[in-house]
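> Below you'll find the structure I mean.
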Amino acid sequence: MMNFKWNTEMPATTVHTCSLRTEQSVWLDIISDGWEHPFLIIDSEVRRLWDSLLQPAIASASGLYVMEAREVLKNTFTLSQIWDSMSAAGIHRDTPVVVVGGGLVCDIGAMAASTYLRGLRLMLVPTTLLCMVDACLGGKTGVNLAGAKNQVGTFNPAEKILIAPDFLDTLPDREFRSGIAEIVKTALIGDRSIQGLLELIDIEKPDKNNILKIIHKCIEVKGGIVALDLRETGNRMLLNLGHTIGHALEGASEFRLTHGEAVGLGLLGEAAIAVSRGGNRNLPEEIRRMLKQAGLPTSVDNMISGEKLSRLFERDKKTRKNGRIWALPFDWCDCRLTYLSPDQEEKVLPSVLNLLKV
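So in my numbering, spot 230 of the sequence shown is number 231, and the numbers just go up one at a time.
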């Protein structure tokens, strides 16, 4: 069990891990110990695949909202529908919210919990690798606006996170691979030993014990950073590594790229920017090799232009009046916050695009 304390204003986040098939009683955590009669928000595909295990929680819930995990639905309209469902269920300030799903569902579910009745207790049950290693921890919530990622959001750390790697048994291969991109990001930021564990993974039949070790290491790296900077005023911005280019690529591809695929490409492009500023010249190829090993894309088609990416950069959340703060990987465990003016970005963008179109 891991516990992260953010500050005196926020409750600590406790991370539990369990096996659904050998510890099914763990689901009693959802309906007991202060979490009785929660309002449930569940990914529709997760409910279909795991309905029998979810039934005890569903039967005792104060209300239920089931949603498809599609990027086009991560918007203010869906958020409003969740609020309406909460209102119709008649939930109160002491009704906890439990969200079961991947990063998209957890993001919007956590935002609903943070805003309805000015804030409700929150438990997250991540069901994708990407969400287990990254999105579930740290309290960022959000919805997309006008095609740009997470333009509206809050900070709302979950009080409890329940990680059950068994959910990965039904995760599509593409989504599993997407989670590996966030693992590579975390390894670059704070723990190169994760790279060695990744090399042991058989993508077709991953060992759960190895995966659980990786999840724990990723949570420790992220938890250590976020605990010191919950509201992203300083070093927490390092966790945006790969995401400035990544979010732009997601939007430019009209979300045909998954979040993890786009972040992987973002890591590659941002490593190239770091090289132009004195970073390790071998790092881009090391990243490319890791992405290839995971079956992740290492290039984009020619339809994504520098002009289109530049427009999307302007809507990035890290944008300041006269430029952007980038998280750049100069080497393993040497990621730096670097301000680039529009003129500096214009100079490096062609080389980045050339690298991504190899």
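We put the beta carbon where it would ideally sit given N, CA and C, even for glycine.
So within the segment 79-130, which uninterrupted beta strand (DSSP E) runs reach at least 3 residues, ignoring any that extend past its ends?
List check, beta strand (DSSP E) in window: 98-102, 123-127.
> Is the beta carbon of GLY143 closer than 8 Å to that of VAL1?
Not covered by the structure: residue 1. The range shown for the chain is 2 to 359.
> Go ahead and pull the three-state DSSP assignment for HIS38.
Coil, per DSSP.
> Looking only at its chain, what residues have a beta carbon closer than 6 Å to the beta carbon of ARG94, apart from the 5 residues adjacent to it on each side?
Here the set comprises LEU118.
> Since ALA62 sits in a beta bridge, which residues does DSSP pair it with?
According to DSSP, which records beta bridges pairwise, ALA62 is partnered with nothing at all.
> Leaving out the 5 sequence neighbours to the left and right, which residues in its chain are closer than 7 Å to ILE59 when beta-carbon positions are compared?
The answer, listed in chain order, is LEU41, LEU65.
> Exposed or buried, GLU205, counting other C-beta atoms within 10 Å across all chains shown (16 or more means buried)?
Burial call: exposed.
> Could you tell me how far apart the beta carbons of LEU284 and ASP332 are, in whole angstroms, since I believe they sit closer than 8 Å?
At roughly 6 Å, the Cβ-Cβ gap stays under 8 Å, so LEU284 and ASP332 are in contact.
> Take GLU183 as the anchor and find which of ILE216, ILE164, PRO173, GLU69 has the nearest alpha-carbon.
Here the closest residue by C-alpha is ILE216.
> Does the segment 250-265 come into contact with the segment 218-232, if we say contact requires no fewer than three beta-carbon pairs (one atom in each stretch) closer than 8 Å?
Result no; under three Cβ-Cβ pairs closer than 8 Å.
> Evaluate the contact criterion for the segment 238-245 versus the segment 160-169: three or more CB pairs, one atom per stretch, below 8 Å.
At 8 Å Cβ cutoff, the stretches do not touch.
> Assuming contact is defined by CB atoms lying nearer than 8 Å, are LYS223 and LEU240 in contact in what I supplied?
Yes, Cβ-Cβ distance for LYS223 and LEU240 is below 8 Å.
> According to DSSP, simplified to helix, strand and coil, what is LEU169?
Here LEU169 sits in helix by DSSP.
> Which residue comes first and which comes last in the alpha helix (DSSP H) that contains GLU275?
Strictly speaking, residue 275 in this sequence is Ala, with Glu absent from that position. Per DSSP, ALA275 belongs to the alpha helix (DSSP H) from 260-277.
> For CYS334, does the count of other Cβ atoms within 10 angstroms reach 16, so buried, or fall short, so exposed?
The residue is exposed, with fewer than 16 neighbouring Cβ atoms inside 10 Å.
> Since LEU242 sits in a beta bridge, which residues does DSSP pair it with?
DSSP, once it has assigned bridges, lists no residue as partnering LEU242.
> What's the gap between the Cα of GLY225 and the Cα of LYS209?
The straight-line gap from Cα to Cα measures roughly 24 Å.
> Which residues does DSSP list as the beta-bridge partners of PRO330?
Per DSSP, CYS336.
> Under a three-way DSSP split, which group does MET68 fall into?
Strand, per DSSP.
> If you reduce the DSSP assignment to three classes, tell me which class PHE5 lands in.
PHE5 falls in the strand class under three-state DSSP.
> How would you call ARG237, buried or exposed, if buried means at least 16 neighbouring beta carbons within 10 angstroms?
Buried is the call here.
> In its own chain, which residues sit with a C-beta less than 6 Å from the C-beta of PRO158, not counting the 5 before and 5 after it?
Correct list, in chain order: TRP7, MET11, THR14, GLY140.
> Are VAL98 and ASP44 close, meaning C-beta to C-beta below 8 Å?
Contact: no.
> So, with DSSP's three-state summary, where would you put ALA149?
ALA149 falls in the strand class under three-state DSSP.
> If you reduce the DSSP assignment to three classes, tell me which class ASP430 lands in.
Summary: the structure shown does not reach residue 430, with the chain confined to residues 2 through 359, and so no result is reported for it.
> At the level of alpha carbons, what is the spacing between TRP194 and ALA188?
According to the sequence as given, residue 194 is Ser; it is not Trp. Cα-Cα distance, rounded: 7 Å.
> If I follow the unbroken alpha helix (DSSP H) through THR1, where does it start and stop?
As shown, the chain starts at 2 and ends at 359. That puts residue 1 outside it, with no answer to give.
> Quick check on this structure: which residue in LYS75, ARG290, ARG278 has the alpha carbon closest to the alpha carbon of VAL1?
There is simply no residue 1 to check, as the chain begins at 2 and stops at 359 in what is shown.
> Please classify ASP44: does DSSP put it in a helix, a strand, or coil?
Looking at ASP44 - three-state DSSP - the assignment turns out to be strand.
> Rounding to the nearest angstrom, what Cα-Cα distance links PRO39 and ASN76 in this structure?
When rounded, the distance between both Cα atoms is 23 Å.
> Compare the beta carbon distance of GLY185 and MET68 with 8 Å and say whether it is the shorter of the two.
One detail in the question is off: residue 185 reads as Val in this sequence, not Gly. Not closer than 8 Å, so no.
> Hey, would you say MET112 sits closer than 8 Å to LEU80, going by beta carbons?
In contact: MET112 and LEU80 (Cβ atoms closer than 8 Å).
> Take ILE212 and list the residues in its own chain whose beta-carbon comes closer than 8 Å to its own, dropping the five residues that flank it on each side.
The residues are LEU130, PRO166, LEU169, ILE202.
> Express the C-alpha separation of LEU121 and PHE256 in angstroms, rounding to a whole number.
Answer to the nearest angstrom: the Cα atoms are 31 Å apart.
> Let me know if PHE5 comes out buried or exposed under the rule of 16 or more other beta-carbons within 10 Å of its beta-carbon.
Classification for PHE5: buried.
> By a C-beta neighbour count over all protein chains shown, 10 Å radius and 16 as the cutoff for buried, is ASP108 buried or exposed?
Counting Cβ neighbours within 10 Å, ASP108 comes out buried, since at least 16 surround it.
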